[in-house]
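What follows is a set of notes on a single structure, which appears directly below.
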Amino acid sequence: DAGVIQSPRHEVTEMGQEVTLRCKPISGHNSLFWYRQTMMRGLELLIYFNNNVPIDDSGMPEDRFSAKMPNASFSTLKIQPSEPRDSAVYFCASSQWGTDTQYFGPGTRLTVL
Amino acid sequence: EDKVVQSPLSLVVHEGDTVTLNCSYEVTNFRSLLWYKQEKKAPTFLFMLTSSGIEKKSGRLSSILDKKELSSILNITATQTGDSAIYLCAGMLIQGAQKLVFGQGTRLTINP
Chain A
1 DAGVIQSPRH EVTEMGQEVT LRCKPISGHN SLFWYRQTMM RGLELLIYFN
51 NNVPIDDSGM PEDRFSAKMP NASFSTLKIQ PSEPRDSAVY FCASSQWGTD
101 TQYFGPGTRL TVL
Chain B
114 EDKVVQSPLS LVVHEGDTVT LNCSYEVTNF RSLLWYKQEK KAPTFLFMLT
164 SSGIEKKSGR LSSILDKKEL SSILNITATQ TGDSAIYLCA GMLIQGAQKL
214 VFGQGTRLTI NP
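Protein chains in written order, with our numbering: chain A, 1 to 113; chain B, 114 to 225.
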């Protein structure tokens with residue numbers, strides 16, 4: 001079975017540009033999570049969805065960040081405009097509702113110059 | 114504020130040694146504690162602990178939860194260089210849904 005799929009794997013952009021990260025959860029999983037990982041702050045939950053509905057977005061740093069889940073097999077995390085402090089590895093994870101184990105994708109390493 | 118703290122932050126040992134990694138949590142509405150191993154890529158799941166005092170074991174790795182002390186340990190015996198990784202501990206909250214709060218991780222290095 002395919003795991004969580006993320007694209008792109010690496011993204012280098014300039015400050016002010018829009019960045020879109022993509023995620024395909026494991027088939028059959030109905031909970032999806034976006035995390036950000038930095039050396040300073042570790043792994044932080046940004047937002048999570050259940051059955052395509054955002055449940056908790058309290059971790060989203062500011063209005064420049066937005067996330068959508070238009071269907072059960074696809075989600076996007078958008079940063080507009082991007083800033084150098086957004087440089088991090090962004091992980092998507094999925095799980096089955098009611099279970100605690102989350103399975104992580106390979107991550108997108110974002111560098112904003 | 115919900116918090117998970119791991120110690121030590123970094124550990125260097127020789128191949129064959131036994132290591133113990135610590136995790137303490139202050140998590141409201143605590144449901145379970147999870148351990149992940151992160152090498153160069155994504156965190157991979159190791160254990161989920163919900164009951165106090167019951168050891169979970171997988172090969173050379175084992176873990177146990179102490180709800181009274183709000184802590185957990187991860188033991189690795191007969192360490193190998195392939196065990197070198199960051200080990201992450203996370204507390205799961207009940208908030209009508211799942212929410213993991215991660216510790217900062219322990220960077221384990223096994224030298225040959």
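Ideal Cβ placement from N, Cα and C applies to all residues, glycine included. Bear in mind the structure is a predicted one, so any value in this text is a computation, not a measurement.
Notebook entry, point to check: Taking C-beta to C-beta, are A:Ala88 and A:Thr20 nearer than 8 Å?
Noted result: no
Note to self: Between A:Pro106 and chain B, is the shortest Cβ-Cβ distance under 8 Å, so that the two count as touching?
What the structure shows: yes
Item checked: Bridge partners - A:Phe42, DSSP secondary structure assignment -> For the sequence presented, residue 42 of chain A should be read as Gly rather than Phe. Its beta-bridge partners are A:Thr38.
Checklist line | Chain-ordered chain B contacts of A:Thr101 [CB-CB under 8 Å] | finding: Leu147, Phe158 and Met161
Check: When you compare only the Cα positions, how much space is there between A:Phe65 and B:Gln193?
Finding: In a straight line, the C-alpha of A:Phe65 is about 41 Å away from that of B:Gln193.
Next item on the list: Just list the alpha helix (DSSP H) runs in the segment 49-86 of chain A, keeping only unbroken ones of 4 residues or longer that don't cross its boundaries, in chain order.
Entry: none
Check: Using a C-beta to C-beta distance shorter than 9 Å, which residues of chain B count as neighbours of A:Gly42?
Finding: Leu201, Phe215, Gly216, Gln217 and Gly218
Check: Would DSSP call A:Asp100 helix, strand or coil?
Finding: coil
Checklist line | Of the listed residues B:Cys202, B:Lys170 and B:Asp196, nearest to B:Leu213 (C-alpha basis) | finding: B:Cys202
Next item on the list: Compute the distance between the beta-carbons of B:Lys150 and B:Leu162, then report whether it is under 8 Å.
Entry: For B:Lys150 and B:Leu162, no; Cβs fall outside 8 Å.
Checklist line | Under 7 Å from the C-beta of A:Leu45: neighbouring residues of chain B | finding: Those are Lys212 and Leu213, listed as they occur along chain B.
Next item on the list: Would you kindly check if the distance between the Cβ of A:Leu45 and the Cβ of A:Gly59 is under 8 Å?
Entry: yes
Next item on the list: Would you tell me roughly how many angstroms separate the C-alpha atoms of B:Lys153 and B:Ala198, rounded to the nearest one?
Entry: 8 Å
Notebook entry, point to check: Between B:Thr141 and B:Asp115, what straight-line distance do the alpha-carbon atoms span, to the nearest angstrom?
Noted result: 6 Å
Notebook entry, point to check: Taking Cβ positions, are A:Leu43 and A:Cys92 nearer each other than 8 Å?
Noted result: no
Margin query: Measuring only the C-alpha atoms, how far is A:Ser75 from A:Tyr90?
Written below: 13 Å
Notebook entry, point to check: Is the beta carbon of A:Ala67 less than 8 Å from the beta carbon of A:Trp34?
Noted result: yes
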